[in-house]
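In the order they appear, the protein sequences are chains A and R. This note's numbering puts the first residue of the first sequence at -16, with every later residue one more than the last. This note's numbering puts the first residue of the second sequence at 4, with every later residue one more than the last. Note that CB positions come from ideal geometry on N, CA and C, so glycine has one too. Here the structure comes first, spelled out in structure tokens, and everything after it is commentary.
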Amino acid sequence: METLGIWIAALLTLAIGSLLWRQNPFYRLAEHILVGFTAGHLVVINYFNVANFGVKPMIKGGMWINVVPIIIGLLFYFRFSKRYAWLTRIPLAYFFGLSGAIGITGALDASIRQQIIATVKPLWSQGLIWGFIPALNINNIIILFGTITTLCYFFMTRPHKGIIGSSAYIGRFFIMVTLGARFGAVVMSRLSLLIDRFYFLMHDWLKIL
Amino acid sequence: MKTHHVIFIAFGIIVIVAMFIPSSGKEASDKTMAVYNAIEKLPSGSTILLGADFEAANRAEMVPQMEALVRHIMRRHLKIISISMWDQGPMFAERILRKIGDEEGLTYGIDYVNLGYAAGAQSMVRLLKDDIKAVYKTDFSGNKTDDMPVLKDIVGAGDVSLMVDLSDSPSGPTTYLEQIQSFKKDFRLVCGLTAASVPPIMPYVESGQIEGYIIGLKGASEYEGLIGKKGLGTISLSAQSVGQAMILILILIGNLAFLWIRKIKGKENAELGK
């Protein structure tokens, strides 16, 4: 059974890889299989979500309060009716409200307060150079300078002229460096995927590595 | 055959050949060492929350990391509670936990458990913080969690000694920070990340909210070196180096060609202008 699985995975890998040459029926077959499996998997996962967390506790545990979220969820299906489509706004409002409340209360500390604190760091290190020049903490200066200039770039309520314009211009370079770092990281990630597939083909399938 | 076909074939051949070049491993970076030390310094019997927050598409980077980390955790006789915010992660966690658990002679339900996937992301984690069993009434295999010994001393996710989150997206660690650490300041977090997820997570490491991280296959190879067990990370080191060098050379050639063509066109336009 394991051998069969390896052969199927290997042939599908080759079929997907064949797109690098040009569009072909093998690639399209593999693509459709992937889409079909993904959709099927999501249906099963969501079915069991509703069954295990919604219906079962209600029937077996007497948690009849679960009727409320189930009904709110079912309102989504009214999008298929032109007359009653407005009812979908109720679950949407519920989701926006809930996500906003939970997300913002958590993010206020971890992603805003703590990050602001992390930006406010000493610009001088302990000790003196040659006994009288304060030693600068270059990293912290770059963090502070980069944060301020990048924020200026996204400051849209005033025209980018004068000091704000100059800061925004410098901020653009910090953004470009960040995007470059992200691009490099993505290249590294994609190369790992390629290596994994080659390793699978040569080690698990052909057994030559 | 077009130019891009030549590049693909050359790239493929070079990476395949490089995989046959033996590699002795790589010295661990500070961030990888921080992850290793966080696990190494925990008292035996402590409980670790393991987040399997990745999808099959990123198994190449996540599975070698997970294997190395789980092996280290199990060797140290620390307990593992595995959870996931994504539906595909638990399948990998199940296979790796069972395999390494058997190798290390550990028992499912006593030393480790795979609780599987729970929907809800942020709201699920907020509830998980205070009561794991309220979210997970059964584990991945359908066993009831009520009387599982591994969960006996742990009520909420905030009670664990350390969380190791293996995530293919920056939203994994940030969700745990926002929904658990925001309310429980002693909640400790280390991560295993895909290379693409690292830049957005770096500010959280600099601020001390995340103690350390391992990056992609490179990080996996470093960790394999630390625990002395070779895996895909170490095997692929030569291929990674050669592949990255090849990409750098191609980018350089592409840019030089672009400048050269622009120069020629500039000359032609100048001559036409005369």
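Next item on the list: Using 10 angstroms around the beta-carbon of residue 213(R), count the other beta-carbons present and answer buried if the total reaches 16, otherwise exposed.
Entry: As a first step, residue 213(R) is located in the second sequence; it is residue number 210 there, counting from the start. By the neighbour-count rule (16 or more Cβ atoms within 10 Å), residue 213(R) is buried.
Next item on the list: Put residue 18(A) into one of helix, strand or coil per three-state DSSP.
Entry: By one-based count along the first sequence, residue 18(A) stands at place 35. Reduced to three states, the DSSP call for residue 18(A) is helix.
Note to self: Any beta carbon from chain R within less than 8 Å of residue 1(A)'s own beta carbon?
What the structure shows: Start at 1 with the first residue of the first sequence, and residue 1(A) comes out as number 18. Not an interface residue.
Checklist line | residue 279(R) - containing beta strand (DSSP E), residue span | finding: Coverage of chain R is limited to positions 4 through 277, which leaves residue 279(R) absent and any answer about it impossible.
Next item on the list: Please look up how many angstroms separate the CB atoms of residue 248(R) and residue 236(R), rounded, as I've assumed it's under 8 Å.
Entry: Here residue 248(R) is taken as the residue at index 245 of the second sequence, counted from 1. Here residue 236(R) is taken as the residue at index 233 of the second sequence, counted from 1. Going by Cβ atoms, the distance from residue 248(R) to residue 236(R) rounds to 18 Å, so no, they are not a contact pair.
Next item on the list: Please report how far the alpha carbon of residue 252(A) lies from the alpha carbon of residue 76(A), in whole angstroms.
Entry: The structure shown does not extend to residue 252(A), since chain A is modelled only from -16 through 192, so no value can be given for it.
Next item on the list: Assign residue 75(R) to buried or exposed, taking buried as 16 or more other Cβ atoms, counted over all protein chains shown, within 10 Å of its Cβ.
Entry: Taking the first residue of the second sequence as position 1, residue 75(R) is located at position 72. By the neighbour-count rule (16 or more Cβ atoms within 10 Å), residue 75(R) is buried.
Notebook entry, point to check: Using CA coordinates, which residue listed in 6(A), 11(A), -16(A), 155(A) is at the minimum distance from residue -5(A)?
Noted result: Taking the first sequence and counting its residues from 1, the one referred to as residue -5(A) is at position 12. Ranking the options by Cα distance to residue -5(A), first place goes to 11(A).
Next item on the list: Would you grab the beta carbon distance between residue 29(R) and residue 229(R) for me? Rounded to a whole angstrom, and I think it's under 8 Å.
Entry: Within the second sequence, residue 29(R) is the residue found at index 26, counting from 1. Within the second sequence, residue 229(R) is the residue found at index 226, counting from 1. Incorrect: roughly 10 Å between the Cβ atoms, too far for contact.
Notebook entry, point to check: For residue 59(R), which residues of its own chain have a beta-carbon under 7 Å away from its beta-carbon, when the five flanking residues on both sides are left out?
Noted result: Taking the second sequence and counting its residues from 1, one reaches residue 59(R) at position 56. Only 91 meet the Cβ criterion.
Margin query: For a quick check, are the C-beta atoms of residue 171(A) and residue 22(R) less than 8 Å apart?
Written below: Counted from its first residue, the first sequence places residue 171(A) at position 188. Counted from its first residue, the second sequence places residue 22(R) at position 19. It is not a contact, given that the beta carbons lie outside the stated cut-off.
Next item on the list: Within its chain, find whatever has a CB closer than 6 Å to the CB of residue 108(A); leave out the 5 residues flanking it on each side and keep chain order.
Entry: In the first sequence, the residue the question calls residue 108(A) occupies position 125. Contacts found: 118, 120.
Check: Is it right to say residue 89(R) is buried, meaning 16 or more other beta carbons lie within 10 angstroms of its own, or is it exposed?
Finding: As a first step, residue 89(R) is located in the second sequence; it is residue number 86 there, counting from the start. By the 16-neighbour rule on beta-carbons within 10 angstroms, residue 89(R) is buried.
Margin query: Please tell me whether residue 38(A) has its Cβ less than 8 Å away from any Cβ of chain R.
Written below: Residue mapping note: residue 38(A) aligns to position 55 of the first sequence, counting from 1. For residue 38(A), no Cβ of chain R is located within less than 8 Å of the residue's own Cβ.
Notebook entry, point to check: Which chain R residues sit within Cβ distance under 8 Å of residue 48(A)?
Noted result: Within the first sequence, residue 48(A) is the residue found at index 65, counting from 1. None at all; the shortest Cβ gap to chain R is about 14 Å.
Item checked: Where residue 3(R) falls, given that 16 or more other Cβ within 10 Å makes a residue buried -> Look at the range of chain R in this structure, 4 to 277, and you will see that residue 3(R) is not part of it.
Margin query: For residue 202(R), would you say it is in contact with chain A, using Cβ-to-Cβ distances shorter than 8 Å as the test?
Written below: Here the question's residue 202(R) lines up with position 199 in the second sequence. For residue 202(R), the answer is yes, since a Cβ of chain A falls inside 8 Å of its Cβ.
Note to self: Give me the DSSP bridge partner(s) of residue 116(A).
What the structure shows: Your numbering for residue 116(A) matches position 133 in the first sequence. BP columns for residue 116(A) point to 112(A).
Next item on the list: Check distances from the C-beta atoms of the segment 10 to 37 of chain R to those of chain A and list, in chain order, the residues that come in under 8 Å.
Entry: Cβ proximity to chain A below 8 Å picks out 11, 15, 18, 19, 22, 23 from the segment 10 to 37 of chain R.
Notebook entry, point to check: So which residues of chain C does residue 169(A) contact, with C-beta pairs closer than 8 Å?
Noted result: Chain labels in this structure do not include chain C; the protein chains are A and R.
Checklist line | Cβ neighbour criterion (16 or more within 10 Å) applied to residue 36(A) | finding: Numbered from its first residue, the first sequence carries residue 36(A) at position 53. Residue 36(A) should be labelled buried.
Checklist line | Unbroken stretches of the alpha helix (DSSP H), 4 residues or longer, contained in the segment 58 to 89 of chain R | finding: Within the segment 58 to 89 of chain R, the complete alpha helix (DSSP H) runs of at least 4 residues are 62 to 78.
Next item on the list: Would you kindly work out how many angstroms separate the C-alpha atoms of residue -12(A) and residue 32(R), rounded to a whole number?
Entry: Taking the first sequence and counting its residues from 1, one reaches residue -12(A) at position 5. Taking the second sequence and counting its residues from 1, one reaches residue 32(R) at position 29. Pairing residue -12(A) with residue 32(R), the inter-Cα distance amounts to about 37 Å.
Check: Where does residue 217(R) fall in DSSP's three states?
Finding: Here residue 217(R) is taken as the residue at index 214 of the second sequence, counted from 1. It is a strand residue.
Notebook entry, point to check: If we ignore side chains and look at the alpha-carbon of each, how far apart do residue 8(R) and residue 133(R) end up?
Noted result: The count along the second sequence starts at 1 and reaches residue 8(R) at position 5. The count along the second sequence starts at 1 and reaches residue 133(R) at position 130. The straight-line gap from Cα to Cα measures roughly 55 Å.
Next item on the list: For the segment 239 to 250 of chain R, enumerate the residues whose C-beta is nearer than 7 Å to any C-beta of chain A, in chain order.
Entry: The residues in question are 239, 242, 243, 246, 247, 250.
Check: According to DSSP, is residue 151(R) helix, strand or coil?
Finding: Counted from its first residue, the second sequence places residue 151(R) at position 148. Annotated three-state conformation of residue 151(R) is coil, per DSSP.
Note to self: At a cut-off of 7 Å, would you count residue 44(A) as near the ligand COA, judging by its Cβ distance to the nearest heavy atom?
What the structure shows: In terms of ligand content, the structure shown is empty, and the ligand COA therefore cannot be addressed.
Next item on the list: Would you mind reading off the limits of the beta strand (DSSP E) that contains residue 111(R)?
Entry: Along the second sequence, one-based indexing puts residue 111(R) at 108. Premise fails: residue 111(R) is in no beta strand (DSSP E) and is neither H nor E.
Note to self: Just to confirm my understanding: we take residue 157(R), look at its own chain, exclude 5 residues before and 5 after, and list those with CB closer than 8 Å. What are they?
What the structure shows: Taking the second sequence and counting its residues from 1, the one referred to as residue 157(R) is at position 154. Contacts found: 50, 84, 135, 163.
Next item on the list: Assign residue 211(R) to one of three DSSP states: helix, strand, or coil.
Entry: For this step, residue 211(R) is matched to residue 208 along the second sequence. Residue 211(R) falls in the coil class under three-state DSSP.
Notebook entry, point to check: Under three-state DSSP, which class holds residue 55(R)?
Noted result: Within the second sequence, the letter at position 52 stands for residue 55(R). Secondary structure at residue 55(R): strand, using DSSP grouped into helix, strand and coil.
Notebook entry, point to check: Which one or two residues does DSSP pair with residue 345(R) in a beta bridge?
Noted result: With chain R covering only 4 through 277, there is no way to say anything about residue 345(R).
Next item on the list: Note down the Cα distance separating residue 34(A) from residue 55(R), rounded to an integer number of angstroms.
Entry: Along the first sequence, read from residue 1 onward, the residue named residue 34(A) stands at position 51. Along the second sequence, read from residue 1 onward, the residue named residue 55(R) stands at position 52. In a straight line, the C-alpha of residue 34(A) is about 23 Å away from that of residue 55(R).
Note to self: Suppose you measure from the CA of residue 204(R) to the CA of residue 128(A); what does that come to, to the nearest Å?
What the structure shows: Here residue 204(R) corresponds to residue number 201 of the second sequence, with the count starting at 1. Here residue 128(A) corresponds to residue number 145 of the first sequence, with the count starting at 1. Rounded to whole angstroms, residue 204(R) to residue 128(A) spans 20 Å at the Cα level.
Margin query: If the criterion is Cβ atoms closer than 8 Å, does the pair residue 103(R) and residue 65(R) meet it?
Written below: Taking the first residue of the second sequence as 1, we reach residue 103(R) at position 100. Taking the first residue of the second sequence as 1, we reach residue 65(R) at position 62. No. Outside cutoff.
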